[in-house]
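Visitor:
Protein chains: 2
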Amino acid sequence: MADKVTPQSEDYSRWYTDIVQMAELADYAPVRGCMIIRPYGYALWENIRDGLDWRFKATGHQNAYFPLFIPLSYIQKEADHVQGFSPQLAVVTHGGGQELEEPLVVRPTSETIINDSFSKWIQSYRDLPLLINQWANVVRWEMRTRLFLRTTEFLWQEGHTAHATAEEAQEEARRMLEVYADFAENDAAIPVLSGRKSASERFAGAVESLSIEAMMGNGWALQAGTSHFLGQNFAKVFGTQFLNENNELEYVWQTSWGVSTRMVGAIIMVHGDDQGLRLPPRLAPIQVVIVPIWKSDEQRAQVLQVVERIREDLAGVRLHLDDRDSLTPGWKFNDWEMRGVPLRIEIGPRDVAKEQVVLARRDLDKVKETAPLAELAQRVPELLDEIQQSLFQQALDFRQERSSEPKDYQEFSRAVEIGFAWAWWCGSEECEAKVKEDTKATIRVIPFEQPEGGGRCIVCGAEAQEQAVFSRAY
Amino acid sequence: MADKVTPQSEDYSRWYTDIVQMAELADYAPVRGCMIIRPYGYALWENIRDGLDWRFKATGHQNAYFPLFIPLSYIQKEADHVQGFSPQLAVVTHGGGQELEEPLVVRPTSETIINDSFSKWIQSYRDLPLLINQWANVVRWEMRTRLFLRTTEFLWQEGHTAHATAEEAQEEARRMLEVYADFAENDAAIPVLSGRKSASERFAGAVESLSIEAMMGNGWALQAGTSHFLGQNFAKVFGTQFLNENNELEYVWQTSWGVSTRMVGAIIMVHGDDQGLRLPPRLAPIQVVIVPIWKSDEQRAQVLQVVERIREDLAGVRLHLDDRDSLTPGWKFNDWEMRGVPLRIEIGPRDVAKEQVVLARRDLDKVKETAPLAELAQRVPELLDEIQQSLFQQALDFRQERSSEPKDYQEFSRAVEIGFAWAWWCGSEECEAKVKEDTKATIRVIPFEQPEGGGRCIVCGAEAQEQAVFSRAY
Numbered sequence: 025m026a027d028k029v030t031p032q033s034e035d036y037s038r039w040y041t042d043i044v045q046m047a048e049l050a051d052y053a054p055v056r057g058c059m060i061i062r063p064y065g066y067a068l069w070e071n072i073r074d075g076l077d078w079r080f081k082a083t084g085h086q087n088a089y090f091p092l093f094i095p096l097s098y099i100q101k102e103a104d105h106v107q108g109f110s111p112q113l114a115v116v117t118h119g120g121g122q123e124l125e126e127p128l129v130v131r132p133t134s135e136t137i138i139n140d141s142f143s144k145w146i147q148s149y150r151d152l153p154l155l156i157n158q159w160a161n162v163v164r165w166e167m168r169t170r171l172f173l174r175t176t177e178f179l180w181q182e183g184h185t186a187h188a189t190a191e192e193a194q195e196e197a198r199r200m201l202e203v204y205a206d207f208a209e210n211d212a213a214i215p216v217l218s219g220r221k222s223a224s225e226r227f228a229g230a231v232e233s234l235s236i237e238a239m240m241g242n243g244w245a246l247q248a249g250t251s252h253f254l255g256q257n258f259a260k261v262f263g264t265q266f267l268n269e270n271n272e273l274e275y276v277w278q279t280s281w282g283v284s285t286r287m288v289g290a291i292i293m294v295h296g297d298d299q300g301l302r303l304p305p306r307l308a309p310i311q312v313v314i315v316p317i318w319k320s321d322e323q324r325a326q327v328l329q330v331v332e333r334i335r336e337d338l339a340g341v342r343l344h345l346d347d348r349d350s351l352t353p354g355w356k357f358n359d360w361e362m363r364g365v366p367l368r369i370e371i372g373p374r375d376v377a378k379e380q381v382v383l384a385r386r387d388l389d390k391v392k393e394t395a396p397l398a399e400l401a402q403r404v405p406e407l408l409d410e411i412q413q414s415l416f417q418q419a420l421d422f423r424q425e426r427s428s429e430p431k432d433y434q435e436f437s438r439a440v441e442i443g444f445a446w447a448w449w450c451g452s453e454e455c456e457a458k459v460k461e462d463t464k465a466t467i468r469v470i471p472f473e474q475p476e477g478g479g480r481c482i483v484c485g486a487e488a489q490e491q492a493v494f495s496r497a498y
Numbered sequence: 025m026a027d028k029v030t031p032q033s034e035d036y037s038r039w040y041t042d043i044v045q046m047a048e049l050a051d052y053a054p055v056r057g058c059m060i061i062r063p064y065g066y067a068l069w070e071n072i073r074d075g076l077d078w079r080f081k082a083t084g085h086q087n088a089y090f091p092l093f094i095p096l097s098y099i100q101k102e103a104d105h106v107q108g109f110s111p112q113l114a115v116v117t118h119g120g121g122q123e124l125e126e127p128l129v130v131r132p133t134s135e136t137i138i139n140d141s142f143s144k145w146i147q148s149y150r151d152l153p154l155l156i157n158q159w160a161n162v163v164r165w166e167m168r169t170r171l172f173l174r175t176t177e178f179l180w181q182e183g184h185t186a187h188a189t190a191e192e193a194q195e196e197a198r199r200m201l202e203v204y205a206d207f208a209e210n211d212a213a214i215p216v217l218s219g220r221k222s223a224s225e226r227f228a229g230a231v232e233s234l235s236i237e238a239m240m241g242n243g244w245a246l247q248a249g250t251s252h253f254l255g256q257n258f259a260k261v262f263g264t265q266f267l268n269e270n271n272e273l274e275y276v277w278q279t280s281w282g283v284s285t286r287m288v289g290a291i292i293m294v295h296g297d298d299q300g301l302r303l304p305p306r307l308a309p310i311q312v313v314i315v316p317i318w319k320s321d322e323q324r325a326q327v328l329q330v331v332e333r334i335r336e337d338l339a340g341v342r343l344h345l346d347d348r349d350s351l352t353p354g355w356k357f358n359d360w361e362m363r364g365v366p367l368r369i370e371i372g373p374r375d376v377a378k379e380q381v382v383l384a385r386r387d388l389d390k391v392k393e394t395a396p397l398a399e400l401a402q403r404v405p406e407l408l409d410e411i412q413q414s415l416f417q418q419a420l421d422f423r424q425e426r427s428s429e430p431k432d433y434q435e436f437s438r439a440v441e442i443g444f445a446w447a448w449w450c451g452s453e454e455c456e457a458k459v460k461e462d463t464k465a466t467i468r469v470i471p472f473e474q475p476e477g478g479g480r481c482i483v484c485g486a487e488a489q490e491q492a493v494f495s496r497a498y
């Protein structure tokens with residue numbers, strides 16, 4: 025930690041890159057646009073994965089695995105899908121020393137290859153709903169990349185489901201968005217707005233796209249999860265049909281939904297500060313770090329004896345003892361602050377004598393308390409809960425401060441420079457395009473929760489039924 | 025389950041394919057040589073993954089993730105490595121609509137790309153040992169494929185470690201082989217032989233390869249896990265160096281080790297029978313299936329009430345209730361036998377009246393017992409342990425029956441037709457090649473545990489220091 029992080033206020037983008045690299049979350053790979061997820065970053069991703077995975081299983085989904093390679097002809101079957109993805113494809117042309125008869129695409133997403141299986145697995149209404157999820161790597165060729173936020177290869181989960189009716193599929197798409205919102209708010213401590221995307225921001229091949237959007241530390245939005253109602257678009261081109269109860273053939277109705285390693289980027293940008301990462305306790309690879317302090321071997325033995333007691337008392341907590349001899353306590357404090365560990369326990373000879381420790385919270389600057397050893401088993405889990413809540417509340421307060429409902433287009437233009445603007449929108453693509461042209465802001469989401477009544481479009485003044493949330497976005 | 029499995033004795037290879045497809049473990053993909061891992065097969069793989077993952081973490085390893093794509097020039101740096109892998113490479117030549125300046129290889133294994141990172145992460149002896157594992161998909165172009173056993177894309181974990189001395193690296197390679205053997209024997213109920221590979225069977229780029237070998241139900245061997253001592257081969261070509269305590273630059277010593285979805289194939293072939301799969305309880309996605317029996321709605325209600333009590337009593341067990349109305353109990357029995365569920369609970373109105381259930385074990389043919397409801401919480405976990413042990417013992421007995429120490433080459437040739445032949449080997453590649461030419465058998469492993477003294481090579485009669493285990497292999 026010899027180097028300092030670039031302050032957010034000086035250069036937010038440099039601040040982000042500094043954090044990712046100095047907290048040892050990820051590195052750029054020698055292959056353009058790819059990333060190496062380092063152990064600390066991967067441990068965070070594992071906790072994200074586990075937090076989502078149990079929620080998927082609790083809502084009746086099963087994991088499976090489909091091939092990395094997709095025949096080019098499959099991608100081309102659905103017209104919107106191929107148009108959306110073809111500029112981003114990585115193509116395998118040679119295998120086993122031979123040129124392939126048909127090029128293979130490295131999956132950018134798996135709707136097509138999965139429909140090929142669904143069309144074989146689904147025969148009758150008894151096979152529905154079919155609720156599948158896959159944890160996988162995907163590849164989308166990117167020209168401008170940023171670690172976690174936009175990389176050529178990334179890790180994600182993609183849910184794919186088939187249903188007997190449009191209503192059931194729409195309910196599923198909504199349910200999974202709620203699962204994402206629940207995870208984001210309760211595990212990642214990130215407040216999100218849930219709603220529909222406008223047509224221009226829809227997934228290539230979807231009838232409707234839903235998303236959760238979070239505000240980053242510079243007021244920009246980041247799409248943290250999406251859930252799509254696919255209608256029968258893929259079913260029709262892949263012949264995914266079922267016999268209904270009246271013995272008639274029908275096409276299935278489908279959804280797909282995904283969360284990726286972008287979520288790591290969201291956590292960094294929502295919670296991080298100029299000292300480094302701040303991780304929500306539920307996802308932190310290390311929830312509590314113990315920094316012992318001693319000056320003699322005798323003190324060392326005394327302190328470590330107490331550390332053992334603490335370990336036993338905190339058996340259910342993800343605990344790390346930093347007993348590196350070559351580093352000072354102050355250096356360690358900075359190091360673990362950089363890595364965002366929610367709570368630090370400091371313990372030296374004087375603490376041992378008093379049967380206490382010092383507790384330092386990462387979420388509040390310079391706030392320390394002493395706690396009797398005997399109370400740690402109760403106090404530490406309590407504090408972790410408080411920190412979890414406090415990170416969420418700080419993010420929510422920040423979003424409120426940076427959100428507004430501008431009265432006119434001039435106010436609106438200023439509002440999207442600093443955060444989210446809630447504004448009536450007439451629904452026309454022209455108005456949406458004008459905003460982007462003028463301000464670089466886009467419609468992030470048309471929230472499910474709308475004010476009563478209607479209003480006038482912030483751009484053209486025409487009658488509008490819905491408010492949209494506009495902002496700059498990653 | 026309308027169709028029957030081809031009996032093992034009729035066609036072992038067809039039997040295997042039938043089981044994989046009828047138990048819904050996997051399907052062939054539309055892309056040549058690739059497979060689709062279906063939910064039941066993937067749930068089994070998840071349990072394998074978890075059983076290995078905690079062992080890796082308990083031995084100090086951390087997970088990370090490295091890119092799918094490797095520059096072709098990287099693969100070419102280590103001479104043996106490129107020679108071994110180049111016939112199997114899948115090559116990306118186009119990305120984002122452009123031809124790439126340098127083709128990218130889809131990783132067949134990650135020694136090269138990982139050494140690129142290690143060479144940056146490792147500065148001094150304080151950074152060693154570096155103990156990394158990755159869960160990933162890899163691609164090796166295959167001409168003849170079999171589900172789980174040999175597929176173009178497969179899932180695996182690959183461990184990669186760097187050490188300050190050759191001894192430490194050799195210990196690590198041995199330690200991880202022991203982790204694999206422990207997993208195989210205790211979780212997968214598969215007895216394995218541990219030892220060295222002969223030079224001809226070594227990993228491309230390794231100084232020494234270790235493996236665990238298991239006997240399948242037809243007497244052939246399957247390599248179920250490998251661990252390699254890489255020496256400084258990769259370190260030298262990637263410049264992976266560290267400053268030792270005397271401030272001198274040295275190359276690191278490395279290992280790599282892997283277990284893949286082949287393990288699923290091993291489980292099928294070691295334990296399966298003509299009724300279908302037989303899964304070891306520790307890995308079975310469903311440990312206990314409840315098949316309720318009723319003829320009226322009143323009986324249905326009574327039975328389901330008791331089922332609820334059983335669920336509560338067996339909260340720690342992976343339990344599934346098969347309450348499908350459209351199927352008979354007999355059909356369900358066959359279905360769950362096909363899927364290898366270790367224990368079945370049958371419960372009908374008469375059982376309800378007697379406060380008991382019928383327990384049917386999958387590991388022993390036609391063995392049923394009745395058990396009082398009140399004892400299930402104790403009896404079921406006991407039985408699952410017994411089944412775990414019994415599957416291991418059956419596999420061990422089978423291996424003993426099919427293993428021998430032939431006296432001459434004629435006996436030897438017959439021995440490798442049915443199983444494992446332990447034989448003295450002089451160490452020459454000529455003798456090894458002659459065996460392969462004559463019998464199609466190869467040296468599977470030179471076991472760590474050797475008889476005392478020496479003997480005469482089974483092929484040429486020359487003095488030999490070690491016994492090797494020869495057999496046909498997958």
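Protein sequence lines correspond, in order, to chains A and B. Per the working numbering, residue 25 is the first one in the first sequence, and the count goes up by one each step. Per the working numbering, residue 25 is the first one in the second sequence, and the count goes up by one each step. Ideal placement from N, C-alpha and C gives every residue a C-beta, glycine not left out.
Looking only at C-alpha atoms, which of Asn71/B, Glu166/B, Leu128/B sits nearest to tryptophan 165/A?
Guide: Leu128/B
Visitor: Quick check: proline 430/A and alanine 445/A, are their CB atoms within less than 8 Å of each other?
Guide: yes
Visitor: Between which two residues does the beta strand (DSSP E) containing leucine 307/B stretch?
Guide: Leucine 307/B -> no beta strand (DSSP E), and no H or E assigned at all.
Visitor: If you scan the region 113-166 of chain A from start to end, which runs of the beta strand (DSSP E) of 3 or more residues do you find wholly inside it?
Guide: Unbroken beta strand (DSSP E) runs of no fewer than 3 residues, entirely contained in the region 113-166 of chain A, are found at 114-119, 122-130, 154-163, following chain order.
Visitor: Using DSSP bridges, identify the partner residues of phenylalanine 93/A.
Guide: Val130/A
Visitor: How about glycine 57/A and threonine 175/A: are their beta carbons less than 8 Å apart?
Guide: yes
Visitor: What residues match up with glutamate 192/B in a beta bridge as DSSP calls it?
Guide: BP columns for glutamate 192/B are empty, so no partner.
Visitor: Helix or strand or just coil, what does DSSP make of alanine 497/A?
Guide: When secondary structure is reduced to three states using DSSP, alanine 497/A falls in the strand class.
Visitor: Are tyrosine 66/B and alanine 308/A touching if we call contact CB-CB under 8 Å?
Guide: Alanine 308/A sits away from tyrosine 66/B, with the two beta carbons spaced by 8 Å or more.
Visitor: Return the Cβ separation of valine 283/A and tryptophan 159/A in integer angstroms, given the expectation that the two are a contact with Cβ distance under 8 Å.
Guide: At roughly 10 Å, the Cβ-Cβ gap does not stay under 8 Å, so valine 283/A and tryptophan 159/A are not in contact.
Visitor: Since arginine 62/B meets chain A, which of its residues come closer than 7 Å, beta carbon to beta carbon?
Guide: Ala88
Visitor: Can you tell me whether asparagine 268/B is helix, strand or coil according to DSSP?
Guide: coil
Visitor: Please state if the CB of valine 231/A and the CB of leucine 254/A are separated by a distance shorter than 8 Å.
Guide: yes
Visitor: Identify the residues that DSSP records as bridge partners of alanine 186/A: which are they?
Guide: Leu154/A, Gln278/A
Visitor: Measure the alpha-carbon distance for phenylalanine 172/B versus glutamine 247/B and round it to whole angstroms.
Guide: 13 Å
Visitor: Cutting at 7 Å between CB atoms, please list the residues of its own chain near serine 33/B, excluding the five before and the five after it.
Guide: none
Visitor: Would you call glutamate 406/B buried or exposed, if buried means 16 or more other Cβ atoms sit within 10 Å of its Cβ?
Guide: exposed
Visitor: Mapping DSSP to helix, strand and coil, what is arginine 480/B?
Guide: strand
Visitor: Quick one, are the C-beta atoms of valine 494/A and valine 440/A less than 8 Å apart?
Guide: Residue 494/A is actually phenylalanine in this sequence, not valine. A contact, by the Cβ cut-off of 8 Å.
Visitor: From this set, Gln380/B, Asp389/B, Lys390/B, Gln417/B, which residue's C-alpha is nearest leucine 400/B's C-alpha?
Guide: Gln380/B
Visitor: Mind checking who phenylalanine 444/B pairs with in its DSSP beta bridge?
Guide: Ser427/B
Visitor: On the three-pair Cβ rule with 8 Å, is the region 352-371 of chain B touching the region 294-304 of chain B?
Guide: yes
Visitor: Would you mind stating whether arginine 198/B and leucine 154/B have Cβ atoms separated by less than 8 Å?
Guide: No; because the gap between Cβ atoms is not below 8 Å, this pair is not in contact.
Visitor: I'd like the span of the alpha helix (DSSP H) that includes proline 373/B, first residue to last.
Guide: Secondary structure note for proline 373/B: its alpha helix (DSSP H) is the uninterrupted segment 373-378.
Visitor: Between the alpha carbons of glutamate 487/A and threonine 463/A, how many angstroms are there, rounded?
Guide: 22 Å
Visitor: Check each residue of the region 172-187 of chain B: if its Cβ is closer than 7 Å to any Cβ of chain A, include it; give the result in chain order.
Guide: Glu177, Leu179
Visitor: Can you give me the Cβ contacts of methionine 167/B inside the same chain, cut-off strictly under 6 Å, excluding the 5 residues immediately before and after it?
Guide: none
Visitor: Taking the alpha helix (DSSP H) that histidine 344/A belongs to, which residues open and close that run?
Guide: Taken as a continuous stretch (DSSP letters only), histidine 344/A belongs to no alpha helix (DSSP H), being part of the beta strand (DSSP E) at 343-345.
Visitor: Quick check on alanine 26/A: does DSSP put it in helix, strand or coil?
Guide: For alanine 26/A, the predicted model reports a pLDDT of 48, less than 50, meaning its position is unreliable and no value from the coordinates is stated.
Visitor: Cβ closer than 8 Å: which chain A residues qualify as neighbours of asparagine 161/B?
Guide: Leu92, Ala160, Asn161
Visitor: For alanine 50/B, which residues does DSSP report across the bridge?
Guide: Ile61/B
Visitor: For arginine 348/B, name the three-state secondary structure that DSSP assigns.
Guide: Under the three-state reduction of DSSP, arginine 348/B is assigned to coil, being neither helix nor strand.
Visitor: Strictly below 7 Å CB to CB, what residues from chain B border aspartate 151/A?
Guide: Residues of chain B passing the Cβ test: none, with the nearest at roughly 12 Å.
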